[in-house]
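Have a look at the structure below before the remarks.
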Amino acid sequence: MNISIVILAAGFGTRMKSNTPKVLHKISGYPMVFHIIEEAQKLSDDIHVVLYHQHELIREKIEQNFSGLHFSIQDHENYPGTGGALRGLEFKNEKVLVLCGDMPLVKAEDLSEFLKCDEDVVMSVFKAQNPHGYGRAVLDENLHVKKIVEQKDTNDEEKKIDTVNAGVYLFGTKFLQENLKILKNDNAQNEYYLTDLIEIANEKNLHVKAIYVPEETFMGVNSKLNLSTAEEIMQRNIKQKLMADGVIMRLPESIYIDKKTVFKGECVLENAVSIEGECLIENSHIKTSSVIESSEIINSSVGPLARIRPQSVIKNTHIGNFVEVKKSTLNGVKAGHLSYLGDSEIDEGTNVGCGTITCNYDGVKKHKTIIGKNVFIGSDTQFVAPVKIEDEVIIAAGTCVTKDVKKGSLAINRSPLKILEGFYKKHFMKAR
Ligand code: UD1
Ligand code: MG
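Dropping the structure here:
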């Protein structure tokens, strides 16, 4: 832990065309900047996050998830640009690794090569499939990087260069602090570019080391198109790792899985499944087009076309099609078709008939439905919560349960069925 780290996140993110700050846009369920902070914390205990645009909101979100970071606000009016962002920072260590808030795919292990370097200026480059938007690395005859030219400052020749600046740097702290002061803003954007330090270092005959890194990992996210590309790459990485660890996926490219989901045992995910938030999926089969949100699914099968909403615990249970579960604990239950089970607890051996609804909301508050063991719930039952059903109860089909039901009872509130023979003909004769 003998390096300091700066994460730059003070830009306006204009190309994102969004009211949400760029670094808070989510990738695999997690704001972009969180990914890089999490990795930075594996490498350093002196991490500086530079903010400006919407700094209060970004800081609040970061602090809900991380602690021990140093925040600073860039003097954007006087020193705009990535070079301006670093002005005035004090570092604990002799080396500073500079990362950007818009590079969500970089992992701590991808940075290990930087940490081994002794040079005062280490930068990163890759050959971009589409270099537009990136700073171009102008190389000399020995393939050393002479300088970086930003997109808006390029001439026609420089526009053709496809070796670009990846945006990760390692600087000697002393070099950085001495030379940030001499950056100029005589460029197309009137900004102080951190990238100009490369040319300055060359002018001072310092060795500038360039590390070639993979574009797939170091790409910057500047637009919503970049956001979707980064999401595709991260999802592919997440799913490949999970499959290597034993999860079966049918048509994995159609499946979405949040970064924070944990799988245990043997799990099967069919196509078009979406797993969002922090979930635990253990020895379970999630069938096609089901959505699981911040819940635990253990020894169960869910779907097709089911939705398990946050704070649900589904254990030893079968959930079928068009069943919505919210904030409920189901253990050893069968709910095969078309139900809404919200704010409920349902115990072992209970069968939930088709069309069962927990009426959990009275327009003001949410109430609980508690259902015991071995209850047989007939189709089209409504539970008007709060309500408690003890063990071994039968609820007749079509019942609206408005009172607690004692163990061993039948609950039925049907009115007697009348059959009027010959009514059809009489009715339509009259109408015509
Ligand atoms: C930057 C580099 C470019 C490189 C690319 C790699 C500069 C001048 N350009 O361009 O050479 O190819 O990254 O992805 O460095 N930021 C601040 N303060 C500011 C401006 C930006 O903190 O005043 C932050 C942003 O929030 C962002 C990062 O710095 O996280 C990079 O800024 P961005 O505007 O995305 O720069 P690029 O045009 O991508
Ligand atoms: Mg960028």
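Take the sequence shown: its position 176, counted from the start at 1, is 176 in the working numbering, and no numbers get skipped. Every residue gets a Cβ at the ideal spot worked out from N, C-alpha and C, and that includes glycine. From a predicted model like this one, the values you see are computed outputs, not experimental measurements.
Where residue i falls, given that 16 or more other Cβ within 10 Å makes a residue buried
{"i": "Ala85", "result": "buried"}
{"i": "Arg87", "result": "buried"}
{"i": "Asn165", "result": "buried"}
{"i": "Phe423", "result": "exposed"}
{"i": "Glu276", "result": "buried"}
{"i": "His35", "result": "buried"}
{"i": "Ser436", "result": "Since the first residue shown for the chain is 1 and the last is 432, residue 436 is missing from the structure and cannot be characterised."}
{"i": "Leu183", "result": "buried"}
{"i": "Ile58", "result": "buried"}
{"i": "Lys326", "result": "buried"}
{"i": "Ala244", "result": "exposed"}
According to DSSP, residues forming a beta bridge with residue i
{"i": "His285", "result": "Val268 and Ser301"}
{"i": "Leu51", "result": "Ala9 and Ile73"}
{"i": "Gly435", "result": "Not covered by the structure: residue 435. The range shown for the chain is 1 to 432."}
{"i": "Arg456", "result": "A question about residue 456 goes unanswered here, because the residues of the chain that appear run from 1 up to 432."}
{"i": "Gln235", "result": "For Gln235, which the question treats as bridged, DSSP gives no partner whatsoever."}
{"i": "Glu296", "result": "Leu280 and Val313"}
{"i": "Pro31", "result": "Lys26"}
{"i": "Met123", "result": "Tyr169 and Ala210"}
Spatially closest choice to residue i from the options, by CA coordinates
{"i": "Lys260", "options": "Phe12, Pro21, Ser4 and Tyr30", "result": "Tyr30"}
{"i": "Lys127", "options": "Lys147, Ala9, Tyr212 and Gly81", "result": "Tyr212"}
{"i": "Lys17", "options": "Thr154, Ala396, Ser223 and Leu183", "result": "Ser223"}
{"i": "Ala188", "options": "Asn374, Pro80 and Ile27", "result": "Pro80"}
{"i": "Val384", "options": "Asn360, Ile377, Lys365 and Asn205", "result": "Asn360"}
{"i": "Thr163", "options": "Ser409, Thr20 and Tyr134", "result": "Tyr134"}
{"i": "Arg250", "options": "Val273, Asn237 and Ala244", "result": "Val273"}
{"i": "Ala353", "options": "Asp362, Lys327, Gly320 and Ser344", "result": "The amino acid at residue 353 is misidentified as Ala; the sequence shows Gly. Looking at the Cα atoms, Gly320 is the closest of the given residues."}
{"i": "Ile7", "options": "Ser300, His70, Ser28 and Glu56", "result": "His70"}
{"i": "Ile412", "options": "Lys418, Thr381 and Ile419", "result": "Thr381"}
{"i": "Ile198", "options": "Arg15, Leu180, Arg414 and Ser44", "result": "Leu180"}
{"i": "Phe66", "options": "Asp45, Ile73 and Leu89", "result": "Asp45"}
{"i": "Ser228", "options": "Glu90, Ile73, Thr399 and His25", "result": "His25"}
{"i": "Leu206", "options": "Asp120, Glu215 and Glu141", "result": "Asp120"}
Nearest-angstrom beta carbon gap, residue j and residue i [assumed within contact, 8 Å]
{"i": "Ile62", "j": "Val49", "result": "7 Å"}
{"i": "Glu293", "j": "Pro304", "result": "17 Å between Cβ atoms; not a contact."}
{"i": "Glu435", "j": "Thr288", "result": "The structure shown does not extend to residue 435, since the chain is modelled only from 1 to 432, so the question has no answer here."}
{"i": "Phe218", "j": "Val168", "result": "7 Å"}
{"i": "Gly378", "j": "Thr358", "result": "Rounded, the Cβ-Cβ distance is 15 Å, inconsistent with contact."}
{"i": "His285", "j": "Val313", "result": "That belief does not hold up - the Cβ atoms of His285 and Val313 are roughly 17 Å apart, past 8 Å."}
Contact test: residue i Cβ vs ligand 1 heavy atom, cutoff 7 Å
{"i": "Cys279", "result": "no"}
{"i": "Thr447", "result": "A question about residue 447 goes unanswered here, because the residues of the chain that appear run from 1 up to 432."}
{"i": "Asn165", "result": "yes"}
{"i": "Leu214", "result": "Looking at the sequence shown, residue 214 is not Leu but Pro. Because no heavy atom of ligand 1 lies under 7 Å away, the Cβ of Pro214 does not count as near it: no."}
{"i": "Glu150", "result": "yes"}
{"i": "Gly88", "result": "no"}
{"i": "Cys469", "result": "Beyond the ends of the chain as shown, which are 1 and 432, falls residue 469; an answer cannot be given."}
{"i": "Val145", "result": "no"}
{"i": "Ala385", "result": "no"}
{"i": "Gly378", "result": "no"}
{"i": "Gln54", "result": "no"}
{"i": "Ala188", "result": "no"}
{"i": "His76", "result": "yes"}
Proximity test, Cβ basis, 8 Å: residue i and chain B
{"i": "Ser124", "result": "In the structure shown, chain B does not exist; there is a single protein chain."}
beta-carbon residue i near ligand 2 non-hydrogen atom, thresh 7 Å
{"i": "Asp153", "result": "no"}
{"i": "Asp347", "result": "no"}
{"i": "Gly220", "result": "yes"}
{"i": "Asp245", "result": "no"}
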